[in-house]
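Number 28 in our numbering belongs to position 1 of the sequence shown; there are no gaps in the numbering.
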Amino acid sequence: MEPKSGLWGRLRAGLARTHDRLAESVGALLDRPASLDEATLEELEEAMIAADLGVATTRVLLDRLRERARRSDLEREGRLRQILTEEVERLLAEIPAPTWPEGPRVVLVVGVNGAGKTT
Numbered sequence: 028m029e030p031k032s033g034l035w036g037r038l039r040a041g042l043a044r045t046h047d048r049l050a051e052s053v054g055a056l057l058d059r060p061a062s063l064d065e066a067t068l069e070e071l072e073e074a075m076i077a078a079d080l081g082v083a084t085t086r087v088l089l090d091r092l093r094e095r096a097r098r099s100d101l102e103r104e105g106r107l108r109q110i111l112t113e114e115v116e117r118l119l120a121e122i123p124a125p126t127w128p129e130g131p132r133v134v135l136v137v138g139v140n141g142a143g144k145t146t
């Protein structure tokens, strides 16, 4: 059994850092009274990528935010945080469940440093 500073401890610490960065940078943008213009969306994009969400995921989420902004007044409703949360949940729900049989398995995650493997 590995100590808390072992593999699982490092994994927990990495996930906590990602969560904290995301909560701090994106949360600050969502809490301020600003319109959902391109400048705000660019800041949101930078914060999401810096928090290791990845470029593809960030683009999908921002496209969905833009679409919902066209359909309603997000600033007036003050629901930007809630809508972003809904879109993240919707995106995660679209991922199919694994089809492999039950039992032990090994998952290998490979990538260069800073590519978001932990998240």
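Beta carbons are placed, not taken as given, at the ideal position from N, Cα and C, and that holds for glycine.
Sort the options by Cα distance to residue i and report the nearest one.
{"i": "Asn-140", "options": "Ala-120, Asp-79 and Leu-107", "result": "Asp-79"}
{"i": "Leu-107", "options": "Ala-120, Leu-88 and Pro-125", "result": "Leu-88"}
Rounded to whole angstroms, what's the CA-CA distance from residue i to residue j? Just pull it up for me.
{"i": "Gly-143", "j": "Ser-99", "result": "33 Å"}
{"i": "Glu-113", "j": "Pro-128", "result": "31 Å"}
{"i": "Ile-122", "j": "Leu-49", "result": "21 Å"}
{"i": "Val-136", "j": "Gly-130", "result": "19 Å"}
{"i": "Gly-36", "j": "Arg-44", "result": "12 Å"}
{"i": "Arg-86", "j": "Asp-64", "result": "15 Å"}
{"i": "Leu-14", "j": "His-46", "result": "As displayed, the chain neither begins before 28 nor continues past 146, which places residue 14 out of reach and without an answer."}
Less than 7 Å between the C-beta atoms of residue i and residue j, yes or no?
{"i": "Gly-41", "j": "Thr-145", "result": "yes"}
{"i": "Ala-74", "j": "Ser-52", "result": "yes"}
{"i": "Arg-95", "j": "Ile-76", "result": "no"}
{"i": "Gly-70", "j": "Leu-56", "result": "Here residue 70 turns out to be Glu, not Gly, going by the sequence shown. Yes, the Cβ-Cβ distance between Glu-70 and Leu-56 is below 7 Å."}
Around the Cβ of residue i, are there at least 16 other Cβ atoms within 10 angstroms (buried) or fewer (exposed)?
{"i": "Leu-38", "result": "exposed"}
{"i": "Leu-118", "result": "exposed"}
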